[in-house]
Every structure is written in C-alpha cells, then in structure tokens.
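Data first, discussion second: the structure below is written as structure tokens.
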Amino acid sequence: MPELPEVEVVRRGLEPAVTGALVTAVDVRDERSLRRHDRTVGEFADVLTGRRLAGAVRRGKFLWFPLGGTEALVTHLGMSGQVLLREPGVDDRHTRIALMIEHPQHGELCVNFADQRIFGSMAVDRLVPTADGCPAGFAGGATATPSIPSQMAHIARDVLDPALDKDAVISSIRSRRSAIKRVLLDQTLISGIGNIYADEALWAAGVHGEQPASRMSRVRIATLLDAVAEVLEKALAEGGTSFDAQYVNVNGESGYFAHSLNAYGQAGRPCPRCGEPIVRTSFMNRSSHFCPRCQRRR
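Using our numbering, read the sequence shown as starting at 117 and increasing by one per residue.
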C-alpha cells in the first residue's frame with residue numbers, strides 16, 4: 117500500500133496544476149470507485165462539476181482537495197490507486213474516474229484516477245473542524261485551514277507535521293502494551309507509517325519490533341520517532357519506494373528509495389551496520405525484517 121512519501125510525492129505533483137482549477141466535467145467509469153461517496157451531499161459528478169479546487173492537502177497517507185466552503189474531494193489510493201495528470205484526451209489503463217479541469221495558467225488538463233484492484237476511491241465529503249484547532253495537514257504553498265474531511269477525522273497527525281504534539285504521542289505510545297511495531301502502524305495514534313518504513317525506522321533506531329511499547333523509555337521512543345522522520349524524509353527525497361508498477365507519481369514515474377533499504381526486503385543479506393544476516397519473520401499476514409544483533413529485544 118502506498119505510504120506517506122508516495123502520497124506526498126503525488127500531492128506535490130498535483131498541487132500546482134489543481135490549485136485554482138475549475139472542474140469542467142466528470143467521467144465516472146466504475147461506480148465501485150465511489151463506495152465512500154456520501155450521496156446525501158448529491159451525486160458525485162453533479163456536486164463536483166463547476167467547482168473550483170482550492171489546493172491539495174495530505175494527512176498521513178490520505179489526500180484531499182478542498183472545494184471551498186464546507187466540502188472537499190477526498191482521494192483514497194488504496195492498494196493500487198494512481199492519480200495521474202494528463203493532457204486532454206490522454207487515457208490510462210484502469211482509469212475509473214476522469215476529471216477534466218481548466219487552470220487559469222496551465223489551461224485544460226485531465227486528472228485520471230486509475231486503480232487496478234479497485235480498493236481506492238474518490239468521494240465528496242463534508243469538512244469538520246480539527247480537534248486541536250491547527251491546520252489539518254500539508255498544503256504546500258496554499259493556506260491550510262483547521263478543517264478536515266469527516267472520513268479522515270480519526271486519522272492522527274504524522275511525524276513530519278509541524279502541528280504534531282510529540283510529547284503527547286510519546287505518552288500515548290508508552291500507554292500501549294502492544295509490540296512497538298504494531299503501535300507504529302496504528303494510524304489513529306500516529307499516521308503515515310506502513311510496513312516498509314516501520315521496519316526501516318526500527319532498524320535505524322536499533323529497536324526490536326516486538327519490544328512492548330510500555331517498556332520503552334520516553335528517550336527511546338523519541339529516538340525512534342526521530343528515526344521515522346528521517347526515513348520518511350529520505351524516501352520522500354527519492355520519490356518513494358516502488359516494488360510495484362502501481363506506485364508512481366502524477367507523471368507515471370516510480371520512486372527509487374527501494375535501492376536504499378537497510379532492512380525491509382533484505383532477508384539473508386548482511387546488516388549494513390554489523391554484518392549479521394537480516395532476518396525475515398511473519399507479521400500480521402505480512403513480514404518483518406530486522407537485524408538479530410542490532411535490534412535485540414530488551
């Protein structure tokens with residue numbers, strides 16, 4: 117599943133093209149991609165056509181486009197969703213929804229929502245106030261407002277968010293008895309971290325994924341959160357991690373962070389830090405990768 121860096125790369129690519137753009141037409145080709153749309157606000161195409169996009173905002177792995185007033189266009193990438201920016205008339209395989217837009221400077225463009233596995237979606241959703249009164253998420257050069265789509269109100273801030281209350285997050289983590297890797301993946305506690313970046317951050321901080329969160333010191337958890345931020349920043353600089361042809365930016369290009377991984381997917385290879393072979397174990401129907409020497413459970 118696309119994680120924070122992949123979604124932020126998409127957001128940054130879309131922002132200059134959609135901010136201030138008018139939606140001139142909407143082509144819904146597969147109703148399954150509207151499963152999260154609340155039809156009480158109106159039919160998707162009817163509500164969206166003629167509206168102006170005010171920017172591109174992200175919280176954790178989730179993306180939305182404010183429509184002005186009290187609504188936003190919400191985009192869930194799911195397992196294989198892509199948001200591709202194209203010239204008018206250019207189609208993409210597995211396009212489920214196509215938005216025709218007209219930008220004051222860039223002219224006519226097309227935003228294709230392509231999704232092979234159809235786990236992602238688009239929806240027009242109502243905005244609600246943020247719980248802390250701070251801007252809801254990353255909005256680049258646009259002015260972020262303290263309002264968030266109702267579908268995302270339960271999603272916590274991420275480690276790159278300037279409004280994150282790090283001390284409160286550390287306290288919340290220490291209150292959990294679960295293994296620290298499970299805690300890192302809880303999007304209601306801290307968002308944006310998926311399996312790949314959890315393994316990388318745990319390796320960077322020298323923490324075993326099965327270490328009970330409640331038995332970690334505040335300093336240890338702070339160090340781990342700093343490692344999460346560093347790993348995410350590095351992946352973002354390299355365009356995200358691409359193990360799958362679906363993980364691409366708005367121009368259809370893959371990221372390169374996969375070439376920089378130290379733990380994830382490196383089973384049997386020597387640890388870059390100590391030389392001990394990286395171990396792979398089963399974890400929640402997925403896998404965990406760690407160094408048995410550098411990441412000993414305490």
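All residues carry an ideal CB built from backbone N, CA and C; glycine is no exception.
Specify the secondary structure class of residue i as computed by DSSP and reduced to three states.
i	result
Ser358	Note that Ser358 scores a pLDDT of 43, beneath 50, so its modelled location is shaky and nothing firm can be said.
Val395	strand
Gly371	Model confidence at Gly371 stands at a pLDDT of 47, short of 50, so the residue's coordinates are unreliable and nothing is read from them.
Thr304	coil
Leu225	strand
Arg413	coil
Ala133	helix
Ser294	coil
Asp277	coil
Tyr363	Low local confidence applies: a pLDDT of 45 at Tyr363 is under 50, so the model's placement there is unreliable, and no value is given.
Leu200	strand
Leu444	There is no way to answer for residue 444, as the model of the chain reaches only from 117 to 414.
Val206	coil
Ala230	strand
Pro121	helix
Arg174	strand
Leu377	coil
For the beta strand (DSSP E) containing residue i, name the first residue and the last one.
i	result
Asn311	Per DSSP, Asn311 belongs to no beta strand (DSSP E); it is in the alpha helix (DSSP H), 311-321.
Leu191	The residue you asked about is not Leu; residue 191 is Thr in the sequence shown. Its beta strand (DSSP E) spans residues 187-192.
Ser263	263-265
Phe254	Segment: none, Phe254 is in no beta strand (DSSP E) and carries neither H nor E.
Leu179	178-182
Which two residues bound the contiguous alpha helix (DSSP H) that contains residue i?
i	result
Leu288	The amino acid at residue 288 is misidentified as Leu; the sequence shows Ser. Here the alpha helix (DSSP H) through Ser288 covers 282-290.
Leu164	160-164
What residues are listed by DSSP as bridge partners for residue i?
i	result
Phe406	Val395
Asp143	Ala214
Met332	In the DSSP output, where bridge partners are listed per residue, Met332 has none listed.
Ala239	Val190
Pro386	Pro393
Val244	Ile264
Between residue i and residue j, how many whole angstroms is the CB-CB distance? I'm expecting something under 8 Å.
i	j	result
Leu273	Ser307	According to the sequence provided, residue 273 is Arg. The question's Leu does not apply to it. Yes, they are in contact, since the Cβ atoms of Arg273 and Ser307 sit about 7 Å apart, within 8 Å.
Ile213	Thr140	Their Cβ separation, rounded to whole angstroms, is 14 Å, which puts Ile213 and Thr140 out of contact at 8 Å.
Is there contact between the stretch 287-297 and the stretch 325-342, where contact requires at least three CB pairs shorter than 8 Å?
yes
Any contact between the stretch 122-141 and the stretch 213-226? By contact I mean 3 or more CB pairs, one from each, below 8 Å.
yes
The stretch 273-290 / the stretch 337-348 touching (three or more Cβ pairs under 8 Å):
yes
Is the stretch 231-249 close to the stretch 260-269, with three or more CB pairs under 8 Å?
yes
Between the stretch 229-245 and the stretch 308-319, can you find at least three pairs of beta-carbon atoms closer than 8 Å?
no
State whether the stretch 346-355 contacts the stretch 121-128, with contact taken as three or more CB pairs (one from each stretch) at a distance under 8 Å.
yes
With contact counted as at least three CB pairs below 8 Å, one residue from each stretch, are the stretch 158-172 and the stretch 387-406 in contact?
no
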